[in-house]
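Novice: Got a structure for you, questions after.
Right, dumping it as structure tokens:
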């Protein structure tokens with residue numbers, strides 16, 4: 001199984017809502033990532049978890065709250081988002097073998113619209 | 001934030017044409033360079049993981065080269081087919097698995 005599964009595929013939420021994005025992989029990967037992609041821009045790294053601990057936070061606003069409850073699951077909790085947070089949110093995972101020696105596997109993304 | 005640039009932004013070719021695109025990245029503190037292929041409504045998929053200067057990798061009609069001293073990688077597609085239509089992303093890996101992506105080259109192959 002080489003899949004990274006993200007749910008939901010699409011999400012529309014109001015600025016006062018609380019919602020969560022979910023990501024799951026069963027490849028035994030111990031690194032998991034959240035990326036944000038706006039139209040015609042490259043994916044931007046938000047968070048990296050390694051061995052279920054947050055190792056990188058790229059100065060992401062606190063209205064985005066990641067969580068890694070176990071080695072297969074990664075969540076992104078959303079609260080009080082702004083319309084400019086509308087984007088495609090991609091989850092990825094990889095083995096932790098050296099730096100960059102192994103490919104990342106991506107989900108299809110969650111298309112988020114904040115109204 | 002590191003600057004990773006890809007060119008061209010988009011490319012339209014006829015079936016059977018060969019084509020190539022460029023990824024430019026910082027030449028200092030190199031760890032690895034990845035190429036990904038991203039078809040519409042699908043997940044990005046890894047094509048190549050390149051770690052050594054002078055690396056050349058090949059998968060079918062697609063190949064890639066790496067020059068870490070001057071900070072560039074080329075991706076070549078020989079005899080493009082319509083199913084090659086996709087966005088091709090390069091990712092410069094720096095530090096602890098921090099991926100910096102280029103904005104991609106969108107390839108459209110016309111039958």
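Chains as they are written, first to last, in this note's numbering: chain A, 1 to 115; chain B, 1 to 111. Beta carbons are placed, not taken as given, at the ideal position from N, Cα and C, and that holds for glycine. Quick caveat: nothing in here was measured; it's all calculated off a predicted structure.
I want to know whether the stretch 39–59 of chain B touches the stretch 91–109 of chain A - three or more CB-CB distances under 8 Å.
Specialist: The stretch 39–59 of chain B is in contact with the stretch 91–109 of chain A.
Novice: Taking 6 Å as the limit between beta carbons, can you name the residues of its chain near residue 22/A, skipping five residues before and five after?
Specialist: Walking along the first chain from the start, residue 22/A turns up at place 22. So the list reads 7, 75, once near-sequence residues are dropped.
Novice: So the candidates are 61/A, 87/A, 103/A, 90/A; which of them puts its Cα closest to the Cα of residue 90/B?
Specialist: The residue given as residue 90/B occupies position 90 in the second chain. Checking every option, the nearest Cα to that of residue 90/B belongs to 103/A.
Novice: Does the CB of residue 59/B have a neighbour CB from chain A at under 8 Å?
Specialist: Numbered from its first residue, the second chain carries residue 59/B at position 59. By this cut-off, residue 59/B is not an interface position.
Novice: Which bits of chain B does residue 41/A rub up against, with CB to CB less than 8 Å?
Specialist: The sequence position of residue 41/A within the first chain is 41, counting from 1. Ordered by position in chain B, the residues that pass the 8 Å Cβ test against residue 41/A are 103.
Novice: By the criterion of Cβ-Cβ separation under 8 Å, what are the contact partners of residue 46/B in chain A?
Specialist: On the second chain, residue 46/B is found 46 positions in, with the first residue counted as 1. Result: 103, 104, 105.
Novice: If you count every other CB in all the chains shown that lies within 10 Å of the CB of residue 27/B, and 16 or more means buried, which is it?
Specialist: As a first step, residue 27/B is located in the second chain; it is residue number 27 there, counting from the start. It is exposed - the Cβ of residue 27/B has fewer than 16 other Cβ atoms within 10 Å.
Novice: Measure the CB-CB distance between residue 55/A and residue 30/A and report whether it falls below 8 Å.
Specialist: Along the first chain, one-based indexing puts residue 55/A at 55. Along the first chain, one-based indexing puts residue 30/A at 30. Not closer than 8 Å, so no.
Novice: Out of 114/A, 113/A, 105/A, which one is the CA nearest neighbour of residue 3/A?
Specialist: Looking up residue 3/A in the first chain gives position 3. Checking every option, the nearest Cα to that of residue 3/A belongs to 105/A.
Novice: Determine the chain B residues that contact residue 4/A at a beta-carbon separation under 9 Å, and present them in chain order.
Specialist: Here residue 4/A corresponds to residue number 4 of the first chain, with the count starting at 1. The contacting residues are 43.
Novice: Taking DSSP as the reference, what is the three-state secondary structure of residue 66/A?
Specialist: Here residue 66/A refers to the residue found at position 66 when the first chain is read from its first residue. Strand, per DSSP.
Novice: For residue 13/B, list the residues DSSP reports as bridge partners.
Specialist: Working through the second chain from its first residue, we reach residue 13/B at position 13. According to DSSP, residue 13/B bridges with 109/B.
Novice: What are the uninterrupted segments assigned as beta strand (DSSP E) that are 3 or more residues long and contained completely in the stretch 30–96 of chain B, given in chain order?
Specialist: 32–38, 45–50, 56–59, 62–67, 72–77, 86–94, all fully within the stretch 30–96 of chain B.
Novice: CB-CB under 6 Å to residue 93/A, same chain, minus the five flanking residues each way: which ones, in chain order?
Specialist: In the first chain, the residue the question calls residue 93/A occupies position 93. Around residue 93/A: 4, 25, 29, 32, 105.
Novice: From the beta carbon of residue 77/B, is the nearest beta carbon of chain A less than 8 Å away?
Specialist: Locating residue 77/B in the second chain gives position 77, where the first residue counts as 1. No - not a single Cβ of chain A is within 8 Å of the one on residue 77/B.
Novice: Would you mind sorting residue 97/B into buried or exposed? The rule is 16 or more other CB atoms within 10 Å of its CB.
Specialist: As a position in the second chain, residue 97/B is number 97, starting the count at 1. So residue 97/B counts as buried.
Novice: Give the DSSP bridge partners of residue 12/A, in chain order.
Specialist: The count along the first chain starts at 1 and reaches residue 12/A at position 12. BP columns for residue 12/A point to 113/A.
Novice: Quick one: what does DSSP say residue 84/A is sitting in, helix, strand or coil?
Specialist: Sequence index remark: in the first chain, residue 84/A carries index 84 (1-based). DSSP places residue 84/A in helix when its eight states are reduced to three.
Novice: Where are the beta strand (DSSP E) runs, 3 residues long or more, that stay fully inside the stretch 29–58 of chain A, in chain order?
Specialist: As far as the stretch 29–58 of chain A is concerned, its whole beta strand (DSSP E) runs of at least 3 residues are 31–37, 44–50, 53–57.
Novice: Can you tell me whether residue 25/B is helix, strand or coil according to DSSP?
Specialist: Within the second chain, residue 25/B is the residue found at index 25, counting from 1. In this structure, residue 25/B counts as coil in the three-state DSSP scheme.
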